[in-house]
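Asks: Note that numbering that gives the first Met the number 0 gives residue 6 to position 7 of the sequence shown, counting from 1, and the numbers run on in steps of one.
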Amino acid sequence: MIPYWHAPSFKLGPLELNPFNVFVAAGILLAARLLTKQAEREGLDPNPLADFAMWGVAAGMLFGHWVHLFFYHPEELSKSPFQIFRFWDGLSSFGGLLGGILAAVVFFRVKKLRFGDYADSFALGVAPGWAVARLGCFAVHDHPGKLTDFFLAVQFPNGNRHDLGFYDAIVLFAITGLLYALRDMPKMKGRLLPLLALLYAASRFSLDFLRATDLSYVDARYFGLTPAQYGSLGLVVYGLWGLLRKQAPNASSQKPSAPQGRVETAR
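1. If you follow the alpha helix (DSSP H) that F22 is in, where does it begin and where does it stop?
2. Short check: CB of G59 to CB of G26, under 8 Å?
3. Going by DSSP in three states, L163 sits in which element: helix, strand or coil?
4. With DSSP run on the structure shown, which of helix, strand or coil describes G89?
5. When you compare only the Cα positions, how much space is there between I100 and A30?
6. Can you find at least 3 beta carbon pairs, one from the region 2–12 and one from the region 113–121, that sit closer than 8 Å?
7. Decide if P80 is buried, meaning its Cβ has at least 16 other Cβ atoms within 10 Å, or exposed.
8. Could you check the C-alpha separation between P7 and D167 for me, to the nearest Å?
9. Assuming L242 contacts L178 under a Cβ cut-off of 8 Å, what Cβ separation, rounded to an integer in Å, is found between them?
10. Per the contact definition of three or more C-beta pairs closer than 8 Å, is the region 181–195 in contact with the region 209–225?
11. Taking G128 as the reference, which of A52, Q246, Y229 has the closest Cα?
12. Under the rule that 16 or more other beta-carbon atoms within 10 Å means buried, what is F150, buried or exposed?
13. For chain D, find out if any of its Cβ atoms is closer than 8 Å to the Cβ of L214; answer yes or no.
14. Using a Cβ-Cβ cutoff of less than 8 Å, which residues in the same chain neighbour L48 once the five nearest sequence positions on both sides are dropped?
15. Is the Cβ-Cβ distance between T147 and N157 less than 8 Å?
16. For the region 193–220, which segments carrying the beta strand (DSSP E) assignment without a break, of at least 3 residues, lie completely within its bounds, in sequence order?
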């Protein structure tokens with residue numbers, strides 16, 4: 000079994016540094032860096048991505064907190080009327096994903112850019128960044144699962160349990176490896192993001208059945224499913240649509256045709 004260890008937090012003025020915050024920040028920075036590098040590799044202009052990063056992170060954190068508050072733990076609304084603005088106090092990864100998607104739709108439309116041109120770059124940046132951020136969940140053990148004797152279980156104070164943050168990180172690192180192995184395959188051009196959505200959705204839908212139901216602070220269920228499981232169904236629809244639809248030509252692969260007319264030899 001994996002020993003249970005909770006790293007201490009440190010106060011730095013008004014800020015609180017804890018493993019969760021550090022890993023989430025590292026995941027965001029890694030995702031932004033890899034996204035830009037992949038766009039450059041594909042011959043795309045990376046500058047819009049730098050402009051998008053701030054909006055994507057802000058929308059992700061805001062929606063991540065709202066989904067946590069309104070769908071996972073609505074009982075927290077009784078704490079204070081200002082709880083909806085305390086975006087650092089509880090985050091849902093699926094809510095963050097929703098916020099990032101909405102920000103991307105608006106941003107790319109305003110900038111008159113095709114999101115599809117950058118979709119592979121997003122997949123190759125988001126997957127490893129999300130994996131690193133999930134290590135933060137594992138570091139603070141905020142996703143306890145059911146009691147088990149599985150060899151990867153964590154020795155929680157109240158018994159050996161699955162740790163869903165740890166499992167999620169493993170899955171995302173594995174998906175990252177697969178995406179990078181496939182990125183140069185012609186048939187996968189423009190399909191890496193739907194593939195990421197489909198693989199992660201299948202994993203998350205299955206793993207959420209292992210989440211604890213016998214503790215005082217557990218995820219809400221609606222007809223027996225967690226909010227993330229309903230979100231996973233939406234990702235499956237998007238993943239299947241993206242993998243099966245006919246791909247439009249990527250902007251980086253469209254080259255201007257040679258001018259027609261007389262060709263002179265050099266003298």
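Each residue gets a CB set at the ideal place from its N, CA and C atoms; glycine is no exception.
Note that the coordinates shown come from a computational prediction; the quantities given were computed from them, not determined experimentally.
Replies: Checking against the coordinates, here is how it stands:
1. By one-based count along the sequence shown, residue 22 stands at place 23. From DSSP, the alpha helix (DSSP H) with F22 extends over 18–40.
2. Your numbering for residue 59 matches position 60 in the sequence shown. Your numbering for residue 26 matches position 27 in the sequence shown. No, these two residues do not count as a Cβ contact at 8 Å.
3. By 1-based counting over the sequence shown, the position of residue 163 is 164. Of the three classes helix, strand and coil, the one that applies to L163 here is helix, per DSSP.
4. Position 90 of the sequence shown holds residue 89. Coil at G89, not helix or strand.
5. Position 101 of the sequence shown holds residue 100. Position 31 of the sequence shown holds residue 30. One C-alpha to the other measures close to 15 Å.
6. With a cut-off of 8 Å, the region 113–121 and the region 2–12 do not count as touching, because too few Cβ pairs lie within range.
7. By 1-based counting over the sequence shown, the position of residue 80 is 81. Exposed, since its Cβ has fewer than 16 Cβ neighbours within 10 Å.
8. Taking the sequence shown and counting its residues from 1, one reaches residue 7 at position 8. Taking the sequence shown and counting its residues from 1, one reaches residue 167 at position 168. Rounded to the nearest whole angstrom, the C-alpha separation of P7 and D167 is 23 Å.
9. On the sequence shown, position 243 is the one that residue 242 refers to. On the sequence shown, position 179 is the one that residue 178 refers to. Contact flag wrong, Cβ pair sits at about 13 Å.
10. As far as the Cβ criterion goes, the region 209–225 does not touch the region 181–195, which means the pair count is below three.
11. Position 129 of the sequence shown holds residue 128. Looking at the Cα atoms, A52 is the closest of the given residues.
12. As a working mapping, residue 150 is identified with position 151 in the sequence shown. Per the 10 Å Cβ criterion, exposed.
13. The structure shown contains no chain D; it holds only a single protein chain.
14. As a first step, residue 48 must be located in the sequence shown, where it is residue number 49. Excluding positions up to five away in sequence, the list reads A31, L34, T35, A38, Y117, S120.
15. Working through the sequence shown from its first residue, we reach residue 147 at position 148. Working through the sequence shown from its first residue, we reach residue 157 at position 158. No, they are not a contact pair.
16. Within the region 193–220, complete beta strand (DSSP E) segments of at least 3 residues are not found at all.
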